[in-house]
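In what follows, a structure is listed as structure tokens, so that the remarks can point back to it.
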Amino acid sequence: MKLKYLFPLFIATLILAVSCVDEPVVTLLDEIQVSSSYVAISEDGGSTSITVTARDSWTAEKVTTDKDPVEWLTLSSTSGSAGESQVTFSAQKGNGRSAEVLIRSGGKTQRINVIQGVIEVETVKAAQVNAAPDGKFFRVTGVCTKIVNTLYGNWYLTDETGVVYIYGTLDKKGNTKNFLSLGLEVGDEVTIEGPKSSYKGDPQMVDVTVVKINKSEVKVDSVANEVLPMEGGEFTAFLTCKGEGVSVDIPEDAKSWLAISSIQSKGENVVVKFIAAANDAGDRETTLTFHTVKGSKKYSTETVLTQKGAIVEATVAEFLAAPVGNMQYRLSGAVTKIDNNNDGRLYLRDFSGETYVYKIQDYTANSLKVGDIITLVGKRAEYKGSPQMSGAVLENVIPVTPATIAEVLTKPVDKNVYFMITATIKEIQNQEYGNIVLKEGDSEILMYGCHPGYGATGDARKGLINAKGIKAGDNITVIATRGEYGGTPQLANGFYLSHESGDIQSLSIAEFLAAPVGDTQYRLSGAVTKIDNNNDGRLHLRDFSGETYVYKIQGYTANSLKAGDIITLVGKRAEYQGSPQVSGAVLEEVKSVTVTTIAEVLAKPVDKNVYFMITASIKEIQNDVYGNIVLEEGDSEILMYGCYPGYGATGDARKGLINAKGIKVGDMITVIATRGDYKGTPQLANGFYFSHESK
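Numbering (my numbering), first residue to last: -3 to 691.
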């Protein structure tokens, strides 16, 4: 049986009708806009064009899979420059097919849906869906056997031929993220329509429409003792059954430790009790299936039983070597990085290695920080081939306090109180055990043993200095307690957290952008031009040679920077989706820039170390090579002796801004400079360009 899939055709027709008016419908992304996000092509073949308006260069690509290369669709252009461009979509004669095209610019993506002819929906079985090419539309009926996401509606549909994974379910109005409004439950018989797709070779149906739900005649209302203790015990399921009796399936791998102890029925109410044996292994769980029959139809529903198991004390290396499963592991180490401080997504490191922790249960937001020593219990899991801990429970926290050497020297001896110290290595007294003298300003202290990480004992305490290539002059961050030997203060019980080579190369931003992606540290200086996130220091940095994105500053204090501030930071050359950026950035210096008027600057003393940001009109250009310009604001004016392309310019790099930017008299310009003076006449000195607007 075949049905016409009319909704996409209706949308396509509507879009075509709208596109005939004078003002095209455009999307609302600032970086890239299209006149229509739907393209319809006649089944006889032909072409349809849209207008792409971009602030920067753009690319276009068809979304393809191994089973559907979308060879039937041709694009007139797959790239373009800033401004308006026409893209034409063409196809030969064909019917009932669709595709998606992604247009990218400025880090943003615009999706274009392309439909040719009338999409036909064929009624098939689950096995036929899984074997079909991507892009085909199907209607399939089966039982909902598992729901994995109740926001988007990701679940499994099962019939007598197999199982189909459903990735996304639309509500009755065709909207996403409203799955619960459908009332679909495990055990219900459901009929759906939608396109076949695949993800990494695995078949699925995407954003399906629910045609009909036939509620199950057997349902789990509640359970008692959903999580059984390690010692075992009784698990009870309370059911409503409108069919002809209940049968129960226990999976084969659970029959050795789980059995049915009783089934009691009274009308439609059924109580099934199970007895579980003691568990001397890791956590385990099983899915129990309840069946009934009514007339010629079969119904089923499921529930999950979990039993706690023993906990294995492990190093991080042992944890990483363990198989994925329900075994519980106890790990202790230092927090090295926090990805999300609302739910406890972080990295944990001990002396043997490092692992990712995907969320901590019942986590209190912002309760941990980098350096804190914690103990967790959780399972060995994996995501896209990368190991991680899941289901983590926080057992213990030893808070670590950032401190200077001078501050540590004033503290009492206490082996239970930990400090985080960042300092320069003045001397390495013992390479094997890591006895190092740390210096910070006028203060210094001996660290008696810098071990590879928390928890090291015996020979595992040795070898850090050579393994990390650490040398005198490097900056190192360590965690340790305040100790003492013969009345002399020292750091004890200490371990390594991170270090930076003392010979970090200072680069211009242009040189940084030309450098390869890697772990080499570079020092950059420039002005902050834009702040994307002032909670973690995501910002844009510009000097005289160019501009780069900085993805987070380590240990950043929220709202501590503003646009215009001149900063120096150290970080690595990284990349995200082809765009260069600074990662692992550490803020070394900040020259705060004060927004002010010309009148206010005139009242300030001469000081080459105090910077101001001034926005004013250009009254006169005295030298267009070096940018000597007279600025005017109300009744006040001042000469800017040299407006350079950006911070850090020297020699010939100071020349040419005026012509390069097309700056002229009357334009509004924003500059950053210090208060200078020439023969008693105030002027702006050490200045550079920030932005301007043509009159």
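Here a beta-carbon is modelled for each residue, glycine too, at the ideal position from N, C-alpha and C.
Is residue i near residue j, with beta carbons less than 8 Å apart?
i: S33; j: Q112; result: no
i: L493; j: V524; result: no
i: D368; j: V393; result: yes
i: V267; j: F231; result: no
i: T564; j: T611; result: no
i: T154; j: C237; result: no
i: G178; j: T165; result: With the sequence shown as reference, residue 178 is identified as Leu, and Gly is not the correct amino acid for it. Yes, they are a contact pair.
i: F175; j: Y148; result: yes
i: G683; j: I668; result: yes
i: Q384; j: Y359; result: no
i: I614; j: L627; result: yes
i: A570; j: V582; result: no
i: L460; j: G483; result: no
i: F347; j: G465; result: no
i: R93; j: W54; result: no
i: M609; j: T593; result: no
i: E213; j: G239; result: yes
i: S101; j: D52; result: yes
i: G228; j: A277; result: no
i: T371; j: S439; result: no
i: Y685; j: G642; result: yes
i: M226; j: G305; result: yes
Need the endpoints of the alpha helix (DSSP H) that residue i sits in, please.
i: K464; result: 460 to 464
i: E440; result: Note, E440: premise wrong, no alpha helix (DSSP H); beta strand (DSSP E) at 439 to 443.
i: V182; result: Where V182 is concerned, there is no enclosing alpha helix (DSSP H), given that its DSSP letter is neither H nor E.
i: E507; result: 505 to 510
i: K657; result: 653 to 657
i: L557; result: No alpha helix (DSSP H) holds L557; DSSP gives it neither H nor E.
i: V125; result: 122 to 127
i: F540; result: Taken as a continuous stretch (DSSP letters only), F540 belongs to no alpha helix (DSSP H), as it is neither H nor E.
i: F315; result: 312 to 317
i: L69; result: Run containing L69: none in the alpha helix (DSSP H); it sits in the beta strand (DSSP E), 69 to 71.
i: V409; result: From DSSP, V409 is part of no alpha helix (DSSP H); its letter is neither H nor E.
i: I356; result: First-last for I356: undefined, no H or E at that position.
i: I594; result: 594 to 598
Tell me, which residues are paired with residue i by DSSP?
i: Q672; result: The residue you asked about is not Gln; residue 672 is Gly in the sequence shown. The partner list for G672 (beta bridge, DSSP) reads Q679.
i: K269; result: T232, S258
i: A476; result: F415
i: R280; result: Q303
i: Y643; result: Y643 is not bridged to any residue.
i: W54; result: G76
i: W151; result: I143, I162
i: T392; result: Correcting the residue type first, residue 392 is Asn in the shown sequence and not Thr. According to DSSP, which records beta bridges pairwise, N392 is partnered with T371.
i: I111; result: A36, S94
i: Q425; result: According to DSSP, Q425 bridges with nothing at all.
i: D245; result: T285
So residue i packs on residue j, CB below 8 Å; how close in whole Å?
i: S504; j: G644; result: 7 Å
i: V366; j: T332; result: 6 Å
i: V97; j: V110; result: 6 Å
i: G533; j: V513; result: So it is not a contact: roughly 20 Å between Cβ atoms.
i: G197; j: C140; result: Actually they do not touch by this definition, with Cβ atoms about 24 Å apart.
i: M416; j: V433; result: Wrong, their Cβ atoms sit about 18 Å apart, outside the cutoff.
i: K587; j: D561; result: 7 Å
i: G567; j: Q501; result: About 12 Å separates the two Cβ atoms, so there is no contact after all.
i: Q82; j: S45; result: 5 Å
i: S31; j: A56; result: Not a contact, Cβ separation roughly 14 Å.
i: D663; j: S632; result: Rounded, the Cβ-Cβ distance is 18 Å, inconsistent with contact.
i: M443; j: A468; result: Rounded, the Cβ-Cβ distance is 13 Å, inconsistent with contact.
In the DSSP assignment, the beta strand (DSSP E) including residue i goes from what residue to what residue?
i: K587; result: 575 to 587
i: E496; result: 484 to 496
i: E350; result: 350 to 353
i: L635; result: 632 to 636
i: V524; result: 517 to 529
i: A612; result: 603 to 619
i: E436; result: 431 to 436
i: A330; result: 324 to 336
Checklist entry - Would you say the region 270 to 285 touches the region 295 to 312, given that touching needs at least three Cβ pairs under 8 Å? => result yes
Checklist entry - Taking one C-beta from the region 119 to 133 and one from the region 156 to 169 each time, how about it: are there three or more such pairs within less than 8 Å? => result yes
Next on the checklist: With three or more beta-carbon pairs closer than 8 Å as the criterion, would you say the region 319 to 330 touches the region 198 to 216?
Outcome noted: no
Checklist entry - Any contact of the region 255 to 271 with the region 306 to 319, i.e. 3+ C-beta pairs under 8 Å? => result no
Next on the checklist: Check whether the region 414 to 423 and the region 470 to 490 are in contact - that is, three or more C-beta pairs closer than 8 Å.
Outcome noted: yes
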